[in-house]
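One structure is given here, and the rest of the page talks about it.
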Amino acid sequence: GAGVSQSPRYKVAKRGQDVALRCDPISGHVSLFWYQQALGQGPEFLTYFQNEAQLDKSGLPSDRFFAERPEGSVSTLKIQRTQQEDSAVYLCASSRYGETQYFGPGTRLLVL
Amino acid sequence: DAKTTQPPSMDCAEGRAANLPCNHSTISGNEYVYWYRQIHSQGPQYIIHGLKNNETNEMASLIITEDRKSSTLILPHATLRDTAVYYCIVRVASGGSYIPTFGRGTSLIVHP
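Chains as they are written, first to last, in the working numbering: chain E, 35 to 146; chain Y, 201 to 312.
Following this line, the structure appears as structure tokens:
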């Protein structure tokens with residue numbers, strides 16, 4: 035069956051640009067997570083959805099980061115006015131109810 | 201969730217068993233031990249999880265000590281494709297707003 039997909043796989047942005055990263059979770063998965071992974075580090079939690087409700091956004095590093103999941107399926111992570119420190123891999127994961135998480139391939143963002 | 205401690209790196213000869221340790225001395229009674237791995241440029245992949253009994257699946261075996269303060273992930277016949285970063289996480293497996301802490305994991309290199 036289809037796994038978690040993310041698009042684009044690679045994104046190059048100029049500093050100050052806005053970017054939108056998309057995540058398509060596994061069909062029927064209630065929970066969706068976003069992580070940020072810097073080079074050489076483990077994934078760091080950003081935010082969590084249960085269906086369309088954003089239950090935890092404590093990991094979002096600033097108010098430039100915004101995530102939504104309006105219909106409880108596809109999710110979008112938006113970064114406004116990107117900065118060089120935003121360069122990282124952004125990972126999306128889904129799970130049926132929050133236990134075992136299945137990850138997408140990630141979006142590699144490079145801010146110049 | 202309890203924190204875990206893993207060695208930063210290990211190596212193993214192809215065809216031999218790879219034994220990856222993890223310490224979780226502050227684990228609570230209702231927390232499971234989860235293992236994920238991340239192959240270069242891919243998202244993390246679920247391997248196995250357990251509560252107190254040893255577990256085995258097609259990928260690996262998980263041995264949890266009787267006091268549950270440590271565990272070992274065993275890859276019985278390591279191949280070059282098992283080269284990856286392995287993450288040990290402890291968490292409550294009841295869903296909800298679980299926020300996993302990945303840490304830096306163990307970088308396993310399987311050599312010919």
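We put the CB at the ideal spot given by N, CA and C, even for glycine.
Among the options, nearest to residue i - alpha-carbon criterion
| i | options | result |
| --- | --- | --- |
| E/Glu105 | E/Glu86, E/Val123 and E/Thr141 | E/Glu86 |
| E/Cys57 | E/Val108, E/Arg142 and E/Leu143 | E/Val108 |
| Y/Gln245 | E/Val145, E/Leu146, E/Gly140 and E/Leu144 | E/Gly140 |
| E/Phe79 | Y/Leu308, Y/Ser307 and Y/Gly303 | Y/Gly303 |
| E/Tyr69 | E/His63, E/Gly37 and E/Lys112 | E/Lys112 |
| Y/Ile227 | Y/His311, Y/Thr265 and Y/Asn254 | Y/Thr265 |
| E/Gln135 | E/Ser41, E/Arg49 and E/Val64 | E/Val64 |
| Y/Pro300 | Y/Ile289, Y/Ile274 and Y/Val233 | Y/Ile289 |
| E/Glu119 | E/Pro42, E/Lys48 and E/Gln40 | E/Lys48 |
| E/Tyr82 | E/Ser41, E/Val123, E/Tyr131 and E/Arg115 | E/Tyr131 |
| E/Val46 | E/Phe137, E/Ala122, E/Gly138 and E/Glu133 | E/Ala122 |
Proximity test, Cβ basis, 8 angstroms: residue i and chain E
| i | result |
| --- | --- |
| Y/His249 | yes |
| Y/Tyr357 | In this structure chain Y extends from 201 to 312, so residue 357 of chain Y is not present and cannot be described. |
| Y/Lys203 | no |
Residue i: contacting residues in chain E (beta-carbon distance under 9 angstroms)
| i | result |
| --- | --- |
| Y/Arg304 | Gly74, Gln75 and Gly76 |
9 angstroms Cβ cut-off: residues of chain Y touching residue i
| i | result |
| --- | --- |
| E/Phe79 | Ile299, Pro300, Thr301 and Phe302 |
| E/Phe137 | Tyr236, Gln238, Gln242, Gly243, Pro244, Gln245 and Tyr246 |
Within-8 angstroms CB hit, residue i to chain Y
| i | result |
| --- | --- |
| E/Gly140 | yes |
| E/Asp90 | yes |
| E/Thr110 | no |
| E/Thr134 | yes |
| E/Gly62 | no |
| E/Ala36 | no |
Under 8 angstroms by beta carbon: chain Y residues contacting residue i
| i | result |
| --- | --- |
| E/Leu125 | Gly243 and Pro244 |
Residue-level contact to chain C via CB, residue i, 8 angstroms cutoff
| i | result |
| --- | --- |
| Y/Pro300 | Of the protein chains in this structure, namely E and Y, none is chain C. |
Report task. Decide if the region 121–132 of chain E is in contact with the region 278–290 of chain Y; the criterion is three or more beta carbon pairs, one per stretch, under 8 angstroms apart. Result -> no
Touch test, the region 212–221 of chain Y against the region 85–100 of chain E, Cβ-Cβ under 8 angstroms, three pairs minimum
no
* Does the region 48–56 of chain E come within contact of the region 254–264 of chain Y, defined as at least 3 CB pairs closer than 8 angstroms? -> no
### Task
Pick out the complete beta strand (DSSP E) segments inside the region 78–126 of chain E, 3 residues or longer, and give them in chain order.
78–84, 87–90, 99–102 and 109–113
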